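Before any comments, here is the structure.
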Amino acid sequence: MVQNDKFDEKLFDYFKNNQEIPEKITNGINNVNLQKERKKIFNFHNLKKVAVAAVSLITVSAGVVLANTTDIVSFIKNIFNDNDAVNTAVENGYVYEAPTVYTASEDTKMKITEMIMDDYTLDLNMLARLDKEIDVTGIDSINIPDMIITDDENKILYSSSSQKSIDFCNQKGIDSSYDNIKNITTNTSSSIFIRNADTNSINFLINLSASDGKFPLSKEIYVSFNTIEMTGNNKNYTISGNWNTEIKVPDKFLNRESILYKVTNCNNENVYKNSIKAEVYETGMNFEMTMYWGDYNTWHNKSEELRKKDVLSSQLIKQESSYVINENGEKFYPLQSSSSDGGYSFNTDGKLVKWETFGLTKFNMTDKLKVVLTTIDNNEIIIDLERLLSRELKISHKKFYF
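Printed below as a string of structure tokens:
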């Protein structure tokens, strides 16, 4: 995966040299109607149109061509950031700027520049300085096929392959059986986003999301790999070496604690209230529930018929129009940063299991929350939640483990 294609830079290059608004921008303004609180549900193509429209309006109303581009660049990059919840965490100081320590191999230096970690998210921002003969300008795809991320307790936070995990265990002299590797490994989904690629320097983000269990309370994290593959702009690079970089985890990440919620009311009697799990952490909110939906064949056939016309309207629970709302009236929509963030399964016994990751964080949660799920018939399943008190946590902690 790559980050967005330097669209903001192209946009500003245009407006520095052109006073007239292109027809495409006018069409973008006319065709896109974006509500602020729902910006996450639009695809990247439509968001581009909105950004162009926004900058165009600023240009026209000000009578100048982007006299102060810094603030506008920040505005657009914030819109295109993959995760609003992570933005909220960063704005509240939940980020660590690592010391400038490079690890070098084969004329390529690598370092971790920033880090975010909680129970379910691990983001590592990396900077690579390459051999001067390599020009990464225009590179839009990066892959690290043999990466493994571990910690000081020999836990595996990410592994590119089962063989990589076995090799790690053998190197450390620990049990390399399937059962032990499964026990010491956090099941994660991973993405790599390019943030900037210019001349012989490339900045990229490694994003890991824990999809089964939580990340351990690691005191140190080690990132190791031997291969970097990059493509784009009719160029292909494969760089081989031996990079081993590490970072000491700061106390604010070690002292993290997710907040659990209990259900107090639900307007749908088909929802199994004991199945509802809700947990808020520094970069998001996990939600899960099970309910009896109805006859499998009836609803499966209805969904398939709608799918032929519109995929989004065929969802039994519509992800893009479901949200959680806090006591301040703020709505937080599904993050949709990765495939593990949300979805549902509908089984032949008529039961539906729904899971979702919302953009609510510990920084904007309240004691009471309301989850609103919109169904295929545009009805709403409303679930009222209340923060668990300290004395309730010991009883409920194991039940709420995701």
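Quick note on my numbering: the sequence shown kicks off at 294 and runs consecutively. The beta carbon of each residue, even a glycine, is placed where N, CA and C say it ideally should be. None of these values were measured; they are calculated from a predicted model.
Beta-ladder partner(s) of residue i, from DSSP
| i | result |
| --- | --- |
| threonine 414 | Ser502 |
| leucine 678 | Val556, Leu662 |
| glutamate 673 | Thr667 |
| aspartate 424 | DSSP lists no partner for aspartate 424. |
| serine 494 | Arg422, Asp491 |
| aspartate 444 | Ile514 |
| glutamate 539 | Tyr515 |
| glycine 643 | Beta-bridge pairing links glycine 643 to no other residue. |
| tyrosine 637 | Lys647 |
| valine 573 | Ile552, Met578 |
| asparagine 480 | Asp505 |
| valine 617 | Phe625, Val664 |
| glycine 525 | Lys528 |
| alanine 391 | Answer by DSSP bridge pairing: none, since alanine 391 is not bridged. |
| isoleucine 467 | Paired residues: none, contrary to the question. |
| glutamate 407 | Glu390, Asn418 |
| phenylalanine 461 | According to DSSP, which records beta bridges pairwise, phenylalanine 461 is partnered with nothing at all. |
For residue i, the nearest candidate out of the options (CA to CA)
| i | options | result |
| --- | --- | --- |
| asparagine 672 | Ser614, Val573, Met403 | Ser614 |
| tyrosine 395 | Trp536, Thr414, Val646 | Trp536 |
| serine 453 | Cys462, Asn463, Asp439 | Asp439 |
| threonine 650 | Glu581, Thr481, Lys448 | Glu581 |
| asparagine 579 | Ala391, Thr479, Asp460, Tyr626 | Tyr626 |
| isoleucine 485 | Ile449, Asp433, Ala571 | Asp433 |
| lysine 624 | Leu662, Thr591, Glu550 | Leu662 |
| glycine 431 | Asn489, Asn476, Met403 | Asn489 |
| tryptophan 592 | Asp642, Ser504, Ala571 | Asp642 |
| threonine 393 | Ile405, Tyr387, Gly386 | Ile405 |
| glutamate 399 | Thr520, Asp603, Leu645 | Thr520 |
| tryptophan 648 | Ser568, Asn590, Gly587, Glu597 | Ser568 |
| glutamate 390 | Pro543, Thr478, Asn563 | Pro543 |
| leucine 666 | Asn561, Lys595, Lys601 | Asn561 |
| methionine 403 | Glu679, Ser533, Glu575, Thr478 | Ser533 |
| lysine 566 | Gly577, Met584, Lys448, Arg549 | Met584 |
| isoleucine 442 | Leu450, Ile435, Ile477 | Leu450 |
| valine 516 | Ile437, Glu384, Gln629, Ser638 | Ile437 |
| leucine 415 | Tyr589, Asn480, Lys457, Asn463 | Asn480 |
| lysine 644 | Asn376, Asp491, Asn563, Tyr387 | Asn563 |
| lysine 570 | Glu679, Glu384, Glu446 | Glu679 |
| glutamate 550 | Asn463, Gly577, Thr538, Glu539 | Gly577 |
| glutamate 539 | Asn590, Lys512, Asn594 | Lys512 |
| asparagine 476 | Gln464, Lys448, Phe639, Ser482 | Lys448 |
| leucine 501 | Asn640, Val646, Asn376, Phe639 | Asn376 |
| phenylalanine 639 | Asn594, Ser482, Tyr554 | Asn594 |
| tyrosine 554 | Trp586, Lys457, Val617, Gln464 | Val617 |
Environment of residue i [buried if 16+ CB atoms lie within 10 Å]
| i | result |
| --- | --- |
| alanine 355 | Because alanine 355 carries a pLDDT of 34, less than 50, the predicted location of this residue cannot be relied on, and no value is offered for it. |
| glycine 466 | exposed |
| alanine 378 | buried |
| isoleucine 676 | buried |
| glycine 635 | buried |
| leucine 547 | exposed |
| leucine 682 | exposed |
| glycine 622 | exposed |
| valine 664 | buried |
| leucine 255 | Given that the chain is displayed from residue 294 to residue 695, the structure contains no residue 255 and the question cannot be resolved. |
| threonine 531 | exposed |
| alanine 503 | buried |
| threonine 557 | exposed |
| threonine 478 | buried |
| glutamine 612 | buried |
| alanine 360 | Caution is warranted here: a pLDDT of 35 is assigned to alanine 360, below 50, making its placement in the model unreliable, and no coordinate value can be reported. |
| isoleucine 334 | Caution is warranted here: a pLDDT of 33 is assigned to isoleucine 334, below 50, making its placement in the model unreliable, and the coordinate value is therefore given only provisionally. It counts as buried. |
Residue j beta carbon less than 8 Å from that of residue i
| i | j | result |
| --- | --- | --- |
| alanine 421 | phenylalanine 656 | no |
| leucine 599 | isoleucine 499 | no |
| isoleucine 514 | aspartate 444 | yes |
| threonine 659 | asparagine 619 | yes |
| aspartate 249 | threonine 401 | Beyond the ends of the chain as shown, which are 294 and 695, falls residue 249; an answer cannot be given. |
| isoleucine 674 | leucine 609 | no |
| tyrosine 387 | glutamate 572 | no |
| methionine 419 | phenylalanine 497 | yes |
| threonine 523 | isoleucine 435 | Before going further, note that residue 523 is methionine rather than threonine in the sequence given. Yes, the Cβ-Cβ distance between methionine 523 and isoleucine 435 is below 8 Å. |
Residue-level contact to chain B via CB, residue i, 8 Å cutoff
| i | result |
| --- | --- |
| isoleucine 485 | No chain B is part of this structure, which consists of one protein chain only. |
Worksheet item: Touch check for the region 407 to 415 and the region 501 to 521: three-plus C-beta pairs under 8 Å?
Response: Yes, since at least three Cβ pairs between the region 407 to 415 and the region 501 to 521 fall closer than 8 Å, the two stretches touch.
Discussion item. Under 8 Å: do the region 524 to 536 and the region 468 to 476 share three or more Cβ pairs, one atom per stretch?
Written reply: Verdict: no, contact absent.
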